[in-house]
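Working notes for the structure below.
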Amino acid sequence: MEYNFSEIEKKWQQRWKEQQTYKTGEDKNKPKFYVLDMFPYPSGAGLHVGHPLGYIASDIYSRYKRLCGYNVLHPMGYDAFGLPAEQYAIQTGQHPRVTTDKNIARYREQLDKIGFSFDWSREVKTCEPEYYKWTQKTFIDLYGHYYNAKEQKAKPISELISSFENNGNANVSAACGNPDIKFSAEEWKNMDAQAKHQTLMEYRLAYQKDGMVNWCPQLGTVLANDEVANGLSVRGGYPVERKLMRQWYLRITAYADRMLAGLDKIDWSDSLKETQRNWIGRSTGANVRFKLIVPQALKLNDNFQPGQSPLSCGEGMGERCESLEIFTTRADTMFGATFMVIAPEHPVLAQVKLDKEVEDYVNWAKNRSERERQAEVKNISGKFTGLYAENPFTKKQIPVWVSEYVLAGYGTGAIMAVPAHDSRDYAFAKHFGLEIIPLIKGCDVSRESFDAKEGEMENSGFLNGMQVKDAIAFAIKKVEEMGIGTAKVNFRLRDAAFSRQRYWGEPFPVYYDENGIPQMLPLSELPLELPAVDKYLPTETGEPPLGRATSWKYQGKYGYELSTMPGFAGSSAYFLRYMDPHNDKCLVDKSKNEYWRNVDLYIGGTEHATGHLMYSRFWNMFLFDLGEICEEEPFQKLINQGMIQGRSNFVYRVVGTSKFVSLGLRNQYETQEIHVDVNIVSNDILDLDKFKVSRPEYANAEFILEDGKYVCGWAVEKMSKSYYNVVNPDDVVEKYGADTLRLYEMFLGPLEMAKPWDTNGIDGVHRFLRKLWRLYHDANNNFAVSNDKATAQELKSLHKLIKKVKDDIEAFSFNTAVSGFMICVNVLTELRCGKREILEPLTVLMASFAPHIAEELWEGLGNSSTVCDAAFPTFNPEMLVESSFEYPVSFNGKLRFKKEMPMGISAEEAQQQIMSDPNTEKFLEGKAIKKFIFVPGKIVNIAC
Ligand code: ANZ
1146 MEYNFSEIEK
1156 KWQQRWKEQQ
1166 TYKTGEDKNK
1176 PKFYVLDMFP
1186 YPSGAGLHVG
1196 HPLGYIASDI
1206 YSRYKRLCGY
1216 NVLHPMGYDA
1226 FGLPAEQYAI
1236 QTGQHPRVTT
1246 DKNIARYREQ
1256 LDKIGFSFDW
1266 SREVKTCEPE
1276 YYKWTQKTFI
1286 DLYGHYYNAK
1296 EQKAKPISEL
1306 ISSFENNGNA
1316 NVSAACGNPD
1326 IKFSAEEWKN
1336 MDAQAKHQTL
1346 MEYRLAYQKD
1356 GMVNWCPQLG
1366 TVLANDEVAN
1376 GLSVRGGYPV
1386 ERKLMRQWYL
1396 RITAYADRML
1406 AGLDKIDWSD
1416 SLKETQRNWI
1426 GRSTGANVRF
1436 KLIVPQALKL
1446 NDNFQPGQSP
1456 LSCGEGMGER
1466 CESLEIFTTR
1476 ADTMFGATFM
1486 VIAPEHPVLA
1496 QVKLDKEVED
1506 YVNWAKNRSE
1516 RERQAEVKNI
1526 SGKFTGLYAE
1536 NPFTKKQIPV
1546 WVSEYVLAGY
1556 GTGAIMAVPA
1566 HDSRDYAFAK
1576 HFGLEIIPLI
1586 KGCDVSRESF
1596 DAKEGEMENS
1606 GFLNGMQVKD
1616 AIAFAIKKVE
1626 EMGIGTAKVN
1636 FRLRDAAFSR
1646 QRYWGEPFPV
1656 YYDENGIPQM
1666 LPLSELPLEL
1676 PAVDKYLPTE
1686 TGEPPLGRAT
1696 SWKYQGKYGY
1706 ELSTMPGFAG
1716 SSAYFLRYMD
1726 PHNDKCLVDK
1736 SKNEYWRNVD
1746 LYIGGTEHAT
1756 GHLMYSRFWN
1766 MFLFDLGEIC
1776 EEEPFQKLIN
1786 QGMIQGRSNF
1796 VYRVVGTSKF
1806 VSLGLRNQYE
1816 TQEIHVDVNI
1826 VSNDILDLDK
1836 FKVSRPEYAN
1846 AEFILEDGKY
1856 VCGWAVEKMS
1866 KSYYNVVNPD
1876 DVVEKYGADT
1886 LRLYEMFLGP
1896 LEMAKPWDTN
1906 GIDGVHRFLR
1916 KLWRLYHDAN
1926 NNFAVSNDKA
1936 TAQELKSLHK
1946 LIKKVKDDIE
1956 AFSFNTAVSG
1966 FMICVNVLTE
1976 LRCGKREILE
1986 PLTVLMASFA
1996 PHIAEELWEG
2006 LGNSSTVCDA
2016 AFPTFNPEML
2026 VESSFEYPVS
2036 FNGKLRFKKE
2046 MPMGISAEEA
2056 QQQIMSDPNT
2066 EKFLEGKAIK
2076 KFIFVPGKIV
2086 NIAC
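One gets my numbering by counting positions in the sequence shown from 1 and adding 1145 to each.
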């Protein structure tokens, strides 16, 4: 029997299932290792060959760790809630659950064919009520906690309430949505239920507020920032607008400092850490109040006196303004602040009479998305408001402008503009002809050298002569002394919008009481399951689809929250659930969590850098604060696999005809390049018959061939249906087997690099497996392995491989490991090595990469248990020490032949061996030896 991969693979997949080979044990005496893949969203298109890349790498690693004696947790599941199933439901009326189940079944079938070592008994699907029950419970806990900034930890809201009752909020150090609220114990006690509720909302880790959201009318829902790209929804590509809506939020900003600090403790790539650092965007600086000057003409009425109001405009967004509060990271540049700019949303604008022109501008700018407004300043826009402010350092009056480039949601929504040292301010000043004062010695503003981080201050009064860094600190101190501001840390990170106006997501465990105040369900009511609805569209009154379930009420009378949770809810704790997937008492039992702790190796795509990987770290830290889990960081090591791109093929139609010309001849004609399905092309040669039946218009196609063949052109592009370059792993498995697919995906190149799927090399990998097979079989294909002692050369080749495979797997360099296998098998084939002493360890080495063939060979070698339970071979460095040397043997200085002799051989023994070699007799040509020269480890020369 030749290497019959299809039979072998079926046999072992069946056997693994029957014997539960991949069921993870709970032997606590063994060290644990947790290997996780980012679980897939089961889309209708099924898997293409790009999807399993990361899964194959993690599978190799899992199997390797098991061979090294670890208890390995390697689970898989589905991120099963999501938009495509719902969009399909809207179009067809089919319940998203049905589509989702169907897609999951297809994914499972495809995954099974590749021979992964997943423990399917631990499968988690986020759409299952027994799982989302725990997502709902965590939401209730988030609602019931606040962030104690002093202890850097989430604490029960009841503690906060008792502080309020005793001392008001004066001594409270907590993350709060409105730092301006101040109240005494007395004031707290006098608040009515509604006011208390609103106050607590400013502290809860899950809270409601009216916020500007990304509203996508076509999808009928709000989207998170990372679900929007260039003003369009990532899924579907529909326009997204800004809209004010009451939403649930998670106070992820409370954890910003801990999330930054945590990055130093985990083994992620520098670029990924940098992406998260930028997303969190910690800036240190100061908030400074500038005195506002309102000309008579702008006053709304004669009594208008902005100085009367105790409130200042800034984060508090008070009703009246006496001053304009700005946030700056460069307090040292205040002497160069020649104008101010405020966001179009700034509340001061509502308190003064604006010119029609200014008002129109404000309305226009407000409706532009944050992204548009932050885009590179090409068309600089802005208006002078008519207001002035006083620069607190220079005491000069400076104009206040309004412009879209200042964002309402960052800092205080107002800036001091320092055109000499900030590039956007510079561009603005140049455009509108505003004053520019350089502040750092040698700074050449005309050359736009804004970013003079180093240097000595000038034109800066009391800061003159100082270095920038010291000047910043001194300026902030001065601001604080003058009582016009304080040092301030700002974050770019925003709280996470947590409501979606969709059907196919986790329902909130929330109902509204008779006063419209949201109440959490008691735990005994969980899970709150999705109700049935007649359509998956918003109601006629614009409520989310859950509003269609008119009798869906708590205790028959209280309306539930009608939005559902976003996609990142379910993926924020799934890795914990795998540790204890069937527990109906809690998300994960403490003892199980203490054993499995966190994920040792997480493999997945870079697209989750700021979404899932931020939210899940936050969620995990919160559960850690509750004492539910024992590790603060969920993913110790993380690797991003590179994208597999498609390799598209083209045919060239002679314009206006149904003739197709081969690549090499196409320049002789006027042609049109057309994508052709890569599945009817092999090694860039088109299958003509298949082409003719691929589309009706090709039925009568004629071909202009090169050497009897039609050669296609090619290009590397995204793998996409529209480019006809999608390769289904099922087809590869069918043709070559799963082991070839696995090896080939690894062989394509370094795991973390993007690379094209190029089937041209797949035959070579397949031939390698046949060669491996033949080492264990005789010419009649009978299993034939001898018990003869291995030679030093054979052992050397094996041990070289042991070392390489171990080092390469540990460095995630799977492509080089595959070439190591190829080299070793070539050497063993040349040596005709069919010895157990070599082939048995070789089988174990192969087992992580090509598990089916390894099992078959392992069984052939007489083993009755699975190769997964073998031990990874031990590397013996002594085997690599050269024990013999191939001596060049010359006659009168002319090299005639080579002879292998032991390293430590004596001159006499060497002479004896050379003399008895039949070659010697031939090259002596009957002459007598005059002199025998022997240089150990170098040469043999015979003078004759
Ligand atoms: C004066 C200045 C001089 C500034 C200078 C920078 C350089 P990061 O580091 O990102 O936190 N800024 C503050 N609030 C803003 C808002 N809402 N919209 C747009 N820009 C805003 O940026 C902080 C700096 O960005 C602040 O420091 C402020 O400009 C501007 F040579 O103040 B700076």
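Where a beta carbon is used, it is the ideal one built from N, C-alpha and C, also for glycine.
Pick out whichever of the options has its Cα sitting closest to the Cα of residue i.
i       : options                               : result
Asp1640 : Lys1633, Tyr1760 and Asp1725          : Tyr1760
Gly1756 : Asp1952, Lys1948 and Leu1417          : Leu1417
Gly1313 : Gly1882, Asp1204 and Lys1334          : Lys1334
Trp1546 : Ala1565, Ser1568, Asn1524 and Phe1573 : Phe1573
Phe1643 : Phe1713, Glu1626, Lys1633 and Glu1670 : Phe1713
Asp1182 : Gly1628, Ile1784 and Leu1443          : Ile1784
Val1551 : His1491, Gly1578 and Leu1831          : His1491
Asn1738 : Lys1730, His1727, Glu1752 and Arg1722 : Arg1722
Leu1896 : Leu1732, Phe1957, Tyr1179 and Arg1396 : Phe1957
Thr1751 : Met1898, Met1766, Thr1816 and Tyr1843 : Met1898
Lys1586 : Gly1195, Leu1579, His1576 and Met1602 : Met1602
Asp1502 : Phe1529, Thr1557 and Lys2075          : The amino acid at residue 1502 is misidentified as Asp; the sequence shows Glu. Of Phe1529, Thr1557 and Lys2075, the residue nearest in Cα terms is Phe1529.
Val1877 : Asn1765, Gly1322 and Trp1902          : Trp1902
Output yes or no for whether 7 Å exceeds the beta carbon distance between residue i and residue j.
i       : j       : result
Ile1907 : Leu1943 : no
Leu2002 : Tyr1921 : yes
Ile1849 : Val1910 : no
Tyr1533 : Gln1542 : yes
Ala1234 : Cys1272 : no
Thr1420 : Phe1480 : no
Met1864 : Val1856 : no
Leu1192 : Gln1255 : yes
Ala1230 : Pro1241 : yes
Val1838 : Asn1794 : no
Leu1990 : Val2034 : no
Gly1965 : Leu1946 : yes
Leu1437 : Ser1468 : yes
Cα separation between residue i and residue j?
i       : j       : result
Cys1458 : Val1493 : Residue confidence for Cys1458 is low, a pLDDT of 46 falling below 50, so the modelled location carries little weight; the figure read from the coordinates is stated next. Those two C-alpha atoms are separated by around 7 Å.
Val1821 : Arg1811 : 16 Å
Ala1694 : Glu1651 : 15 Å
Ile1285 : Arg1840 : 56 Å
Ile1302 : Ser1308 : 10 Å
Ser1548 : Ala1620 : 26 Å
Trp1161 : Arg1762 : 35 Å
Leu1708 : Gln1353 : Contrary to the premise, residue 1708 reads as Ser rather than Leu in this sequence. If I take the Cα positions, the gap works out to 12 Å.
Tyr1681 : Leu1364 : 11 Å
Glu2000 : Leu2069 : 54 Å
Lys2044 : Thr1885 : 39 Å
Gln1164 : Cys1969 : 32 Å
Touch test, the segment 1348 to 1358 against the segment 1291 to 1307, Cβ-Cβ under 8 Å, three pairs minimum: yes
Those runs of the beta strand (DSSP E) which lie wholly inside the segment 1854 to 1923 and span at least 3 residues: 1858 to 1862
Start-end ranges of the beta strand (DSSP E) lying completely within the segment 1495 to 1547, minimum 3 residues: 1528 to 1535 and 1542 to 1547
At least 3 beta-carbon pairs within less than 8 Å: the segment 1193 to 1210 vs the segment 1888 to 1898: yes
Three-pair Cβ contact test at 8 Å for the segment 1773 to 1792 versus the segment 1739 to 1748: yes
Runs of beta strand (DSSP E) wholly within the segment 1191 to 1232 (minimum 3 residues, chain order): 1216 to 1218
Any 3 or more C-beta pairs closer than 8 Å across the segment 1268 to 1283 and the segment 1713 to 1728: yes
Cβ pair count under 8 Å reaching 3, the segment 1930 to 1942 against the segment 1965 to 1985: yes
Complete beta strand (DSSP E) runs within the segment 1729 to 1787 (minimum length 3 residues, chain order): 1744 to 1749 and 1780 to 1785
Touch test, the segment 1398 to 1412 against the segment 1602 to 1620, Cβ-Cβ under 8 Å, three pairs minimum: no
4-residue-minimum alpha helix (DSSP H) runs that sit fully inside the segment 1363 to 1447, ordered along the chain: 1401 to 1408 and 1415 to 1425
Ranges of the beta strand (DSSP E) found wholly within the segment 1621 to 1661, counting only runs of at least 3: 1630 to 1636 and 1655 to 1657
Three or more C-beta pairs below 8 Å linking the segment 1473 to 1487 and the segment 1554 to 1562: yes
Any 3 or more C-beta pairs closer than 8 Å across the segment 1165 to 1172 and the segment 1207 to 1222: yes
Beta strand (DSSP E) segments (min. 3 residues) lying fully within the segment 1229 to 1305: 1290 to 1293 and 1298 to 1301
Meets three-Cβ-pair contact criterion under 8 Å: the segment 1371 to 1378 and the segment 1698 to 1706: no
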